[in-house]
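Working notes, structure below.
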Amino acid sequence: MDISKRRHALLEISPNKMGSPYKKARVNVTPKICPIPLDFERENFSYLLNNSDDFLCDDNQQNECGFIQDSSEEVVDLGKSFSLETWSRCIVDSVQRDKNYDLILKLANEKNKEEVAECRLQGVWVHTKVDPGDIVSVLAPWSESLKCFVVTNSDGLIVTNPDHLISGTSVVGSLYCARKGALQERFRGIDSDSKVMVIGSITHELFQTVLRRRLRTSEQIERASEELLRSEDAMYMLYGNKMTVDEMKAQLSPFVSNIVEFVEKYIVGGRNIQRQKGEFSGVIESIQDIEENVWVPQLGLKGKIDASLKVKPRIDSPSSEHKYMPLELKTGRASFSNEHKGQLIIYEMMLDEIGRKVDSGLLLYLREGIMKEIHATTNSKRDIITLRNELSYYLTRKQKISDKDDVNTILSKYKSMILPPPIGQYNACSRCPYNTICCIFAKQEKLPQSSEAETLRKVSEECMQHLSPEDIEYFTHWCGILTLEDQESKKGNHLKSIWTKTAEQRRDDGHAIIDLQIVGQILKAETKYLHTFGAAEESSGHSTSFHDFTLTGVNPGDYVIVSTRKRIAIAAGHVYEITKSRISIHLERNLSKNYKNEKFIIDKNVFQSTNVFNYTNLGVLLEDRVESNKLRKIIVNKMKPTFSKEKLSVPKVAQAILLELNSEQRKAVAKAMKMEDYMLLKGLPGTGKTQTLVAIIRLLCLLHKSVIVTSHTHSAVDNVLQRLKQYNIKFLRLGSDSRINPALHDCSETQLTSSCKTPADLMQLYSSYNVVGVTCHGSSHSIFLHRKFDICIVDEATQVFQPTILRPLFYANKFILVGDPDQLPPVVVSKTARTIGASESLFQRLDDPDATAVLSNQYRMNKTITKLANGLTYKGNLLCANEIVMNRTIDLPNKPQMFTEFRQDKWLLRSLEKHVDLSVVMLDTKDCLQRSQEFEKSQSVDLSQQIEKTFVDDTENPKRSKFTYTNYCDAAVAFYITKALIIGGCPAKNIGIVAPYRAQVELLRKIYEDYRSHYASSKTPISARIDFEGLEVNTVDQYQGRDKNVIIYSCTRTGCAATEKGDSVRGMEILEDQRRLTVAITRSKCKLILIGDEECLKSYTPFKDLFEGIPSRCKIVLENGQLGFLWTNVFDDLRKVFSGF
1 MDISKRRHAL LEISPNKMGS PYKKARVNVT PKICPIPLDF ERENFSYLLN NSDDFLCDDN
61 QQNECGFIQD SSEEVVDLGK SFSLETWSRC IVDSVQRDKN YDLILKLANE KNKEEVAECR
121 LQGVWVHTKV DPGDIVSVLA PWSESLKCFV VTNSDGLIVT NPDHLISGTS VVGSLYCARK
181 GALQERFRGI DSDSKVMVIG SITHELFQTV LRRRLRTSEQ IERASEELLR SEDAMYMLYG
241 NKMTVDEMKA QLSPFVSNIV EFVEKYIVGG RNIQRQKGEF SGVIESIQDI EENVWVPQLG
301 LKGKIDASLK VKPRIDSPSS EHKYMPLELK TGRASFSNEH KGQLIIYEMM LDEIGRKVDS
361 GLLLYLREGI MKEIHATTNS KRDIITLRNE LSYYLTRKQK ISDKDDVNTI LSKYKSMILP
421 PPIGQYNACS RCPYNTICCI FAKQEKLPQS SEAETLRKVS EECMQHLSPE DIEYFTHWCG
481 ILTLEDQESK KGNHLKSIWT KTAEQRRDDG HAIIDLQIVG QILKAETKYL HTFGAAEESS
541 GHSTSFHDFT LTGVNPGDYV IVSTRKRIAI AAGHVYEITK SRISIHLERN LSKNYKNEKF
601 IIDKNVFQST NVFNYTNLGV LLEDRVESNK LRKIIVNKMK PTFSKEKLSV PKVAQAILLE
661 LNSEQRKAVA KAMKMEDYML LKGLPGTGKT QTLVAIIRLL CLLHKSVIVT SHTHSAVDNV
721 LQRLKQYNIK FLRLGSDSRI NPALHDCSET QLTSSCKTPA DLMQLYSSYN VVGVTCHGSS
781 HSIFLHRKFD ICIVDEATQV FQPTILRPLF YANKFILVGD PDQLPPVVVS KTARTIGASE
841 SLFQRLDDPD ATAVLSNQYR MNKTITKLAN GLTYKGNLLC ANEIVMNRTI DLPNKPQMFT
901 EFRQDKWLLR SLEKHVDLSV VMLDTKDCLQ RSQEFEKSQS VDLSQQIEKT FVDDTENPKR
961 SKFTYTNYCD AAVAFYITKA LIIGGCPAKN IGIVAPYRAQ VELLRKIYED YRSHYASSKT
1021 PISARIDFEG LEVNTVDQYQ GRDKNVIIYS CTRTGCAATE KGDSVRGMEI LEDQRRLTVA
1081 ITRSKCKLIL IGDEECLKSY TPFKDLFEGI PSRCKIVLEN GQLGFLWTNV FDDLRKVFSG
1141 F
């Protein structure tokens, strides 16, 4: 259907033909929405934003929609219990159409659902896609004749799914093809940066620098251009796009002269230059802001404005007359396209909504030096919002799932992505970077016969001929899983609370730190500004309850949103450092200019979806190129690996490396040396898989091969690199220093590139390293656009989500996956996604005797702990490597002192008995929920509540759930035991405390940290202090790949049975995860102490099986008076900690 027909169809709708006036509001008893006929469907928005005053509707056109059905109605008197004449957030109660084709919504006030109102949508708004239960943002005038609120072509707006903030760039980007816009939001990494984009970015930065620094002369601007090209950011951009400084200088040169002319023409004080007809006739008085960040939830929009200006509309206007205007800079040809004008109109709308009173903006084409004033009309605003609503619908709409649907039906629905219809223009579609993905989903949609569908079929034949049905099935299967993951993750997304809740509510929920002020100087580093915030001295009744910022759940490297009391989201950035009283953040703008005396609020951005990264990886896997074709054969078709049949020739210097290994490890190394495409290394706990990996890498370095070392976590990558460092292997560690182990900072990218000045310097430095360490998510680094590595080694590969692992594999000729399928799986939040295979790692998919080398001789656990692990998981396959390992026991050189100190605590002395058969001990606290809660009340602290609010991400209603994630009794017993161990001569660094929940980990950390802090500031002799330095408290997930001589596992769970109604589903799943329990019990070398409520824990199958493997002589019940145990004694240390001694 062509544009003119589509526009004619829209003209058939009469926006102002309201029929007879209604005295009663109408509510649909059974909502029945008639489907819009084909002629009324929006296929794209390419006809929007043209120059006509009203191009979608003709107010005088009669309604000819005789086919429209009226739905059954019950007439009730609603009145207008709340007003929509100012912006209102509403819940849609019901939706219906009347015989005039108007869309009638019954709305409830989100803040008070008892307040209801009726809103009638007319004109183009009749196409609004809205369902009962949706949230909408409405601004509508009251119609006396209809006795309801009305949104028409000329008045009112309705925004659907307003909590899904869409950037202005994305909205106008979908103007020509809405389908491409929807795909681009998910697969945007496929359409990678180009030289044109780099030129535009650097030109933007130069222009903004000139405005920010108020440069006026050509010499100043030329100097700024030189400085910019020498900057670190420009160096990385040029390197990432294979450009030299000279190339960029040549491209930038014309813009420099045009910037000089712009300053002379438009900045106050410049000489008067002749302006072309239609050009902006005013002058710029001052620069109000640069890269201003604006979020407007009422409109469902967000964006960054190139420059916000205070201008005189005309040169000859009175000096007192001025306007606030946004400026949008373009570096391409002066087209004044609908897309460009639309972007500026969006900025005008947003600024106007936040109180700036903006009615026009400036569109500058710097290449040609032309700038015009663009006015936002009622019609253009209306069409922008309808375009935004359309895109939002396709980005947020869920598939309709019935309770009767089985797993396969659910999967088949989610494999089909809800997308706008295609435009079907061959020239555009054949060149679109998303055409393969578009065609795959179009094939599933079974488009009706049309010219558009026929065009897409032709494109499909060209772009999909290299793909097999199995390839397409794999792609759509994982796209469906990603959709499920995305939807489940958003349930715990607290981002919308920034505009739906007060600062105090967000603080009390554990999501925000409030009432902060800037302290100290703001430090500039390239394009970032390091701000340090502390608690405001005078809070005017709004003081934060978080005096200790380390308990807020914010960590270095986290992405946070900065707001003020007056305005949300003024800036965003990554946390650089956090202490108890200070938090430092790298922001993209200096807040001291416009917000110097404001009080700031920092919100955790808990929802940072990695799905764009994963969607992009799946999209790249479909490409018709060598790397993708090879990986599809391996991953999709499970192609068997091949190995060289030639005898392995090892140089003499390498023989010493092999002599350090056992026979199993040497066989694994030999397999790695002979592999021609890929192999798997299955390393059971303590079998020396890291040692084997290090040997493989050392040999590869001797052979001058290049290696990527990657994993899901920073700690896993650093664990391998630290071992390599012992052998003086030269390597480069990519990533932020805040996430890298401090012991590796001298090998980090930040440190090693600090002396680089040009892209050529970067190229030379990066090329000089044959070993590069990076996480899987960090493998989008531009180094991989320049180099193809010989081998990629993925450690802890069983933890990596299958689409995530694809990225580093694209950049290597061969790969080795290392892991243990019986340990931690990939993190998957959607239960439905887990049911349909989301937890399957690539390691599990490819695991085969021909592909896999197995390490089963372990050097970590003694025979008692090994027996426990075999009984729970490994079925006898886990073996002690030698007699020394088998009979290893805890070493307590100061045991007599410990016995003297704790002679009354027979339970404790028995727990720490050295005999190998007592290496596993279960300390049964019984049901201690009430005791734990009473202790907290007695100390007048609400620490556990604060911690659980901050660190518990539970999608269940917290008011209903009786599940607890902290346990003072467990913590007190753990503290008592660690104190005894250290007195007995066991160094704190040899002790590890593990818990299943992060909240319990934070409670324990807080206790130990407060103990250390007290003694650090006291006059107590060092000899009288307990030195907890080096003691490590962490979750099970963080301990994978690690070990300690002694592991204390705080099981945490106590009280009500696991099946009690209202329990946390996620909490239950963690305790029901056998692989997680396997990791916990296999971290210990010679002593494993379990603390928990045995009766409660036995209701979880893995714990029940575990306890059956622990003999009764190794179980101790912690009851007052039994074996000298007293809760008052155990709690005494905690009382001292909380009372400040």
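Numbering-wise, the sequence shown is residues 1 to 1141 according to full-length UniProt numbering. Cβ atoms here follow ideal geometry from the backbone N, Cα and C, with glycine treated the same way. Bear in mind that the values here come from a model prediction, so they are computed numbers and not experimental data.
Item: Mark Asn-882 as exposed unless 16 or more other C-beta atoms lie within 10 angstroms of its C-beta, in which case mark it buried.; Value: exposed
Item: Can Val-1079 and Leu-824 be called in contact, C-beta distance under 8 Å?; Value: yes
Item: Over what stretch of residues does the alpha helix (DSSP H) that includes Lys-757 continue unbroken?; Value: Per DSSP, Lys-757 belongs to no alpha helix (DSSP H) and is neither H nor E.
Item: Threshold first: 3 residues or longer. Then list the beta strand (DSSP E) segments lying entirely within the stretch 814 to 900, N to C.; Value: 852 to 855
Item: If you drop the 5 nearest sequence neighbours on each side, which residues of the same chain put their C-beta closer than 7 Å to that of residue 1149?; Value: Since the first and last residues shown for the chain are 1 and 1141, residue 1149 lies out of range.
Item: Can you give me the Cβ contacts of Asp-905 inside the same chain, cut-off strictly under 6 Å, excluding the 5 residues immediately before and after it?; Value: Gly-1124
Item: Taking the Cβ atom as the reference point for each residue, do Ser-170 and Gly-181 lie within a distance shorter than 8 Å?; Value: yes
Item: I'd like to know whether the C-beta atoms of residue 1165 and Arg-333 end up nearer to each other than 8 Å.; Value: Residue 1165 lies beyond the residue range present for the chain, which begins at 1 and ends at 1141; the question has no answer from this structure.
Item: Check each candidate in Ile-290, Glu-285, Tyr-811 and name the one with the smallest Cα separation from Ala-571.; Value: Ile-290
Item: Would you mind reading off the limits of the beta strand (DSSP E) that contains Gln-1038?; Value: Per DSSP, Gln-1038 belongs to no beta strand (DSSP E); it is in the alpha helix (DSSP H), 1036 to 1039.
Item: Once DSSP output is grouped into helix, strand and coil, what is the label at Gln-797?; Value: According to the sequence provided, residue 797 is Ala. The question's Gln does not apply to it. Three-state result, Ala-797: helix.
Item: Check whether the Cβ atoms of Ala-995 and Thr-925 lie closer than 8 Å to each other.; Value: no
Item: CA-CA distance, Phe-475 and Arg-632?; Value: 10 Å
Item: Determine, using beta-carbon pairs with one atom in the stretch 422 to 434 and one in the stretch 482 to 502, whether at least three such pairs fall under 8 Å.; Value: no
Item: Would you mind working out which of Cys-463, Gln-751, Ile-418 sits nearest Cys-439, comparing C-alpha positions?; Value: Cys-463
Item: Could you check if Gly-541 is buried or exposed, using at least 16 other CB atoms within 10 Å of its CB as the buried criterion?; Value: In this predicted model, Gly-541 has a pLDDT of only 47, less than 50, meaning its place in the structure is not dependable; the value taken from the coordinates is given anyway. That one is exposed.
Item: Relative to the alpha-carbon of Asp-515, which residue among Val-124, Ala-535, Leu-530 has its alpha-carbon at the smallest distance?; Value: Ala-535
Item: Only counting the same chain, and skipping five residues up and downstream in sequence, which positions put a Cβ closer than 7 Å to that of Leu-48?; Value: Any reading at Leu-48 must be qualified, since the residue scores a pLDDT of 42, below 50, and its modelled position is unreliable; no value is offered.
Item: In the DSSP assignment, what residue or residues form a beta bridge with Asp-603?; Value: Ala-512, Ile-561
Item: Does DSSP put Ile-374 in a helix, a strand or coil?; Value: strand
Item: List the whole-angstrom C-beta distance separating Gly-557 from Arg-733, where the pair is believed to meet the contact cut-off of C-beta under 8 Å.; Value: About 15 Å separates the two Cβ atoms, so there is no contact after all.
Item: With a threshold of 16 other CB atoms inside 10 Å of the CB of Thr-409, please say whether the residue is buried or exposed.; Value: exposed
Item: Please state the DSSP three-state secondary structure of Pro-996.; Value: coil
Item: Whole angstroms is fine: what's the gap from Phe-1138's alpha carbon to Cys-969's?; Value: 14 Å
Item: Distance check for Gly-985 and Tyr-1039, CA to CA, integer angstroms please.; Value: 24 Å
Item: Drop a sphere of 10 angstroms on the beta-carbon of Glu-598, count the other beta-carbons inside from all chains shown, and report buried for 16 or more, exposed for fewer.; Value: buried
Item: Look up residue 1188 in the DSSP assignment and say whether it is helix, strand or coil.; Value: Not covered by the structure: residue 1188. The range shown for the chain is 1 to 1141.
Item: Suppose you measure from the CA of Arg-888 to the CA of Thr-864; what does that come to, to the nearest Å?; Value: 10 Å
Item: Cα-Cα, which of Ile-202, Glu-588, Leu-105, Ile-1091 is closest to Met-243?; Value: Ile-202
Item: Are the Cβ atoms of Val-260 and Ser-218 separated by less than 8 Å?; Value: yes
Item: Of all the options Ile-370, Tyr-347, Gly-361, Phe-82, which has the alpha carbon lying nearest to the alpha carbon of Ser-335?; Value: Ile-370
Item: Helix, strand or coil for Gly-300? Go by DSSP, reduced to three states.; Value: coil
Item: At what residue ranges does the stretch 1068 to 1107 contain a whole run of the beta strand (DSSP E), taking only runs of 3 or more?; Value: 1084 to 1092
Item: If we ignore side chains and look at the alpha-carbon of each, how far apart do Ile-437 and Gly-619 end up?; Value: 7 Å
Item: Who are the Cβ neighbours of Gly-1030 in its own chain at under 6 Å, not counting the five residues just before and after it?; Value: Ala-988, Lys-989
Item: Compare the C-alpha of Gly-837 against each of Thr-455, Asn-161, Arg-216, Glu-485 and name the closest.; Value: Glu-485
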